[in-house]
Amino acid sequence: MRRCAWALAAVLAASPPAAVAQTACRGDAAKPIPITGLAGSLQNACPSPDGTALAFTNFKRRYNLGGAVVWTVPAAGGAPTRALSPRAGAQSVNLPGQCWSAAGNVVYSSDVEDRDEIYIVPAAAGPAKRLTDRPGFLAWEPSISPVLADRSQWIVFESHREANPDGAGELWKMKIDGSGLVRLTQGADDRQPQWSPRGDRIVFQRQVKPGQWDVMTIDTAGNGLLNVTKASARGNTDPSWSPSGATIVYSAGGPGLANANLFVVPAMGGTPVRLTVNCGYDGAPGWSADGRSIVFESAPYDPDARGSTTLWRIAAPAGLR
0 MRRCAWALAA VLAASPPAAV AQTACRGDAA KPIPITGLAG SLQNACPSPD
50 GTALAFTNFK RRYNLGGAVV WTVPAAGGAP TRALSPRAGA QSVNLPGQCW
100 SAAGNVVYSS DVEDRDEIYI VPAAAGPAKR LTDRPGFLAW EPSISPVLAD
150 RSQWIVFESH REANPDGAGE LWKMKIDGSG LVRLTQGADD RQPQWSPRGD
200 RIVFQRQVKP GQWDVMTIDT AGNGLLNVTK ASARGNTDPS WSPSGATIVY
250 SAGGPGLANA NLFVVPAMGG TPVRLTVNCG YDGAPGWSAD GRSIVFESAP
300 YDPDARGSTT LWRIAAPAGL R
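Count the sequence shown with numbering that gives the first Met the number 0 and you get residues 0 to 320, in order.
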């Protein structure tokens, strides 16, 4: 059931134009996160472990285009707190869902120097540190593991050949100081990896045939491949773990959907449950640390074709956390 426009007057008055159009198009209880002072496209919301902040990417022109800066903002929205990456002359992007360490560091990729590499920066204060230096390769979409039983901590990321950035992606991992590089997958097209809350699995999206993506998991050595979504829709992308590790939220299209919406599925596979109801696009979800809500990017249209996205939040059903 679509909500009546008159019941949304207070929300709409404080929302940017894209959020206004998107709210009028929704059939769920999602609400926009008001972020002031930034033009362009707001993407890749990533909740902090303590629940007080979000990291996100601001593309200055439009969706996925132009220079990009990683920012932090209070979890409820408002004015951005700090630019974590260079504010000019670079495209810096964080992974939605899981980009923070428990110590308050944020990882992101940036081409601020010679090519896309991985950086880590304290969210509160301090300079960024470059972690990778791999001539001939590009590093994107980094995610930090929890502290493991041996007290180690790792970063998993998506890797492409610099000569073919649109080609197949591989998954690599390294220690949080940049040492110990290990390739986890090859021979497929794998993207957007994220560590599980227990640190024992990695979720990612794999292109199983042209235009068809599925959500997969592997163990931290690159073995034990599990297809979680099994072609339940044409494009299953942007996976992110629940804090319990029991379920995974992701974005997918499908019959009867004009654009991708969000779905939740058991981490071991099963029947997906639709989370958002929107005639526009919902994607790049991230689960709050307490499990109660999911943040995501949204637009009243296909943002790849035109326009920008804004950030939204929806309550996570108790039985799916």
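For every residue, glycine included, the Cβ atom is placed at its ideal position computed from N, Cα and C.
By the Cβ neighbour-count rule, Met173 is buried, with 16 or more other Cβ atoms within 10 Å of its own. Annotation for Tyr107: the continuous beta strand (DSSP E) segment containing it runs 104-109. Taking a cut-off of 8 Å for Cβ pairs, the segment 33-51 and the segment 262-277 do not touch, as fewer than three such pairs fall below it. In this structure, the beta-carbon distance from Arg197 to Gly244 falls below 7 Å. Out of Gly50, Lys229, Gly221, the CA that lies nearest to the CA of Trp212 is found in Lys229. Pairing Val214 with Gly88, the inter-Cα distance amounts to about 34 Å.
For Lys59, DSSP assigns no beta-bridge partner whatsoever. The straight-line gap separating the alpha-carbon atoms of Leu256 and Leu94 is approximately 25 Å. Three or more Cβ pairs drawn from the segment 124-135 and the segment 104-116 lie within less than 8 Å of each other, which places the two stretches in contact. Under the DSSP assignment, Lys172 falls in the beta strand (DSSP E) whose first and last residues are 169-174. Three or more Cβ pairs drawn from the segment 95-110 and the segment 136-143 lie within less than 8 Å of each other, which places the two stretches in contact. For the set Asp301, Thr308, Tyr300, the Cα lying nearest the Cα of Val294 is the one of Thr308.
About 6 Å separates the beta carbons of Ser292 and Ala314, which is inside the 8 Å limit, making them a contact pair.
In the DSSP assignment, Pro265 is bridged to Thr246. Residue pairing for Lys229: DSSP places it in no beta bridge. Comparing alpha-carbon positions, the option among Gly177, Ile175, His159 lying closest to Gly186 turns out to be His159.
Ser241 places its beta carbon less than 7 Å from that of Arg320. For Leu137, the enclosing beta strand (DSSP E) begins and ends at 136-143. Cys98 carries a coil assignment under DSSP once its states are collapsed to helix, strand and coil.
Burial state of Asp27 is buried, judged by a 10 Å Cβ sphere holding 16 or more other Cβ atoms. Distance between Pro85 and Pro79, taken at the CA atoms: about 15 Å.
The beta carbon of Trp99 sits closer than 6 Å to the beta carbons of Ser47, Pro48, Val105 from its chain, once the five residues preceding and following it are set aside; these are given in chain order. Residue pairing of Val214 in beta bridges, as defined by DSSP: Gln204. Annotation for Ser84: no beta strand (DSSP E) segment contains it, and DSSP assigns it neither H nor E.
For Leu224, the three-state secondary structure derived from DSSP is coil.
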